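Structure record follows, encoded as structure tokens.
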Amino acid sequence: MLYRRILITGANGLLGQALVARLSEFAEYDLLATARQPAPLAKGASGGYQALDVTKPADVRRVFEDFTPDVVVNCAAMTQVDACETDKERCWQVNVDAVDTLARNCLAHGSHLVQVSTDFVFDGTAGPYREGARPKPLSFYGKSKLAGENAARGAGLDAWSIARTVLVFGDGAHGTRSDFVRWVVRELSAGNRIRVVSDQIRTPTFVRDLANGVERLVRFGKVGTYHVSGREVVTILEFAHRIANVFGLDAGLIDPIVTSDLNSAAERPLNSGFIILKAESELGYRPTPLDESLEIVRSILATSPA
Numbered sequence: 001m002l003y004r005r006i007l008i009t010g011a012n013g014l015l016g017q018a019l020v021a022r023l024s025e026f027a028e029y030d031l032l033a034t035a036r037q038p039a040p041l042a043k044g045a046s047g048g049y050q051a052l053d054v055t056k057p058a059d060v061r062r063v064f065e066d067f068t069p070d071v072v073v074n075c076a077a078m079t080q081v082d083a084c085e086t087d088k089e090r091c092w093q094v095n096v097d098a099v100d101t102l103a104r105n106c107l108a109h110g111s112h113l114v115q116v117s118t119d120f121v122f123d124g125t126a127g128p129y130r131e132g133a134r135p136k137p138l139s140f141y142g143k144s145k146l147a148g149e150n151a152a153r154g155a156g157l158d159a160w161s162i163a164r165t166v167l168v169f170g171d172g173a174h175g176t177r178s179d180f181v182r183w184v185v186r187e188l189s190a191g192n193r194i195r196v197v198s199d200q201i202r203t204p205t206f207v208r209d210l211a212n213g214v215e216r217l218v219r220f221g222k223v224g225t226y227h228v229s230g231r232e233v234v235t236i237l238e239f240a241h242r243i244a245n246v247f248g249l250d251a252g253l254i255d256p257i258v259t260s261d262l263n264s265a266a267e268r269p270l271n272s273g274f275i276i277l278k279a280e281s282e283l284g285y286r287p288t289p290l291d292e293s294l295e296i297v298r299s300i301l302a303t304s305p306a
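To convert, note that position 233 of the sequence shown is 233 in the numbering used here; the numbers rise steadily by one, no gaps.
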């Protein structure tokens, strides 16, 4: 395996932390983890940690000049779907302009850019989706992530990868923004009733699997778009019930609703799961079975806050 210097942006997020942990297992990778916060949530990056706001081009350029990365994995994103609808300017700065800045610096330094994207680039009328399906985002978040993809693939880079994923959950450190699994566990553990949509279909993704998939994109130097998610197609309601079952919680507290009941700022796709045959065949990607991944999260959360 070739020695590579890898820059990770958004390293304090759920995926960023998992990537630092996964890539740190390889002696061939020299990692520099970056995020907006002054200190890292995940430890272990061989090149250390540096505070970086990807929306500041001069700061990004300075990091590239100092670290000279062979690979850049961009996990930095504004992912709060409704917040993107109400603060479009900030959403565009983070999800599009920052990708353009990273891509231009990758071009200048000959770096491979791995851009993380989302199922929300699709409208959910024809899922589960393959990589070649035509994007048609419903929300401003989805539009911004599609524009970010286009910034990566249209920058003239010799090496670029887009890793699309779906409903990521996992075992981030305390301080990480709560994901769906931890929200369900927290609310049901407190005896609170929760409303969960029955008409949205996803392929939930264990964050460690996503990190493994991204590592394989880096290792094999793959160019193109890959769907990297779980394999099991479930409604979000079924997912919530499976969480309750694995964690031994009362599924009777889960009230089914439909998407139209939400009155949310942003429209969500109904069926946006993925077909992952390309990642399986070209990367050797093998996602953990859903219940098994939930058991892993349960064992971790048993000794840390949900």
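For glycine and all other residues, C-beta sits at the position ideal for the given N, C-alpha and C. Treat the numbers as computed from the prediction; the structure is a model and nothing was measured.
Rounded separation between PHE122 and PRO135 - CA only = 5 angstroms
Would DSSP call PRO57 helix, strand or coil?
-> helix
Counting only runs that start and end within the segment 69–143, where is the alpha helix (DSSP H) found for 4 or more residues in a row?
-> 81–86, 88–92 and 98–109
Local Cβ density within 10 Å of ARG231, reported as buried at 16 or more and exposed below that = buried
Is it true that the CB of ALA83 sits closer than 8 angstroms to the CB of GLY10?
-> no
Measure the alpha-carbon distance for ILE201 versus LEU19 and round it to whole angstroms.
-> 26 angstroms
Rounded C-alpha distance that separates ALA58 from ALA98 = 11 angstroms
Three-state secondary structure (DSSP) of ASN263 = coil
GLN307 (DSSP reduced to helix, strand or coil) | There is simply no residue 307 to check, as the chain begins at 1 and stops at 306 in what is shown.
Decide yes or no for the touch test of the segment 225–244 against the segment 156–173: beta carbon pairs closer than 8 angstroms, at least 3 of them.
-> yes
Rounded to a whole number of angstroms, what is the C-alpha to C-alpha distance between ALA306 and GLY48?
-> Residue confidence is low: ALA306 scores 49 on pLDDT, short of 50, so the model does not pin down where it sits. No coordinate-derived value is stated.
Thinking C-beta only, is ARG242 closer than 8 angstroms to LEU188?
-> no
C-beta atoms of THR312 and LEU52 nearer than 8 angstroms = Because the chain in this structure spans residues 1 to 306, residue 312 falls outside the shown range and cannot be described.
Give the secondary structure of ALA306 by DSSP, where H, G and I count as helix, E and B as strand, and everything else as coil.
-> Residue placement at ALA306 cannot be trusted, given a pLDDT of 49 that sits under 50; the coordinates are not used to answer.
For ALA155, which option in ASN192, ASN105 and GLY170 has the closest C-alpha, if you only look at C-alpha atoms?
-> ASN105
To which residues of the same chain is GLU131 closer than 8 angstroms at the C-beta, ignoring the five residues directly before and after it?
-> ARG164, GLY224, THR225, TYR226, HIS227 and LYS278
How big is the Cα-Cα spacing for ALA240 and ILE6?
-> 36 angstroms
How many Å lie between SER299 and GLY16 at the Cα?
-> 21 angstroms
Would you mind sorting PHE274 into buried or exposed? The rule is 16 or more other CB atoms within 10 Å of its CB.
-> buried
If you count every other CB in all the chains shown that lies within 10 Å of the CB of ALA244, and 16 or more means buried, which is it?
-> buried
Is the Cβ-Cβ distance between GLU28 and ARG4 less than 8 angstroms?
-> yes
Relative to the alpha-carbon of GLU65, which residue among ASP158, LEU107, VAL116 and SER260 has its alpha-carbon at the smallest distance?
-> LEU107
Can you check whether the CB of GLY148 is closer than 8 angstroms to the CB of VAL96?
-> yes
Mind checking who PRO256 pairs with in its DSSP beta bridge?
-> VAL196
May I ask whether a heavy atom of the ligand PLP can be found less than 7 angstroms away from the beta carbon of GLN200?
-> Absence of the ligand PLP from the depicted structure is noted, as is the absence of any ligand whatsoever, leaving it without description.
Which residue from MET78, SER161 and ASP100 puts its Cα closest to that of PHE120?
-> MET78
For ASP209, name the three-state secondary structure that DSSP assigns.
-> helix
Neighbour flag for ALA58 against chain D, beta carbons, 8 angstroms | Protein chain content of the structure displayed is limited to a single chain, and chain D is not contained in it.
Could you please give the first and the last residue of the uninterrupted alpha helix (DSSP H) stretch that includes GLY13?
-> Careful: GLY13 lies outside any alpha helix (DSSP H) and carries neither H nor E.
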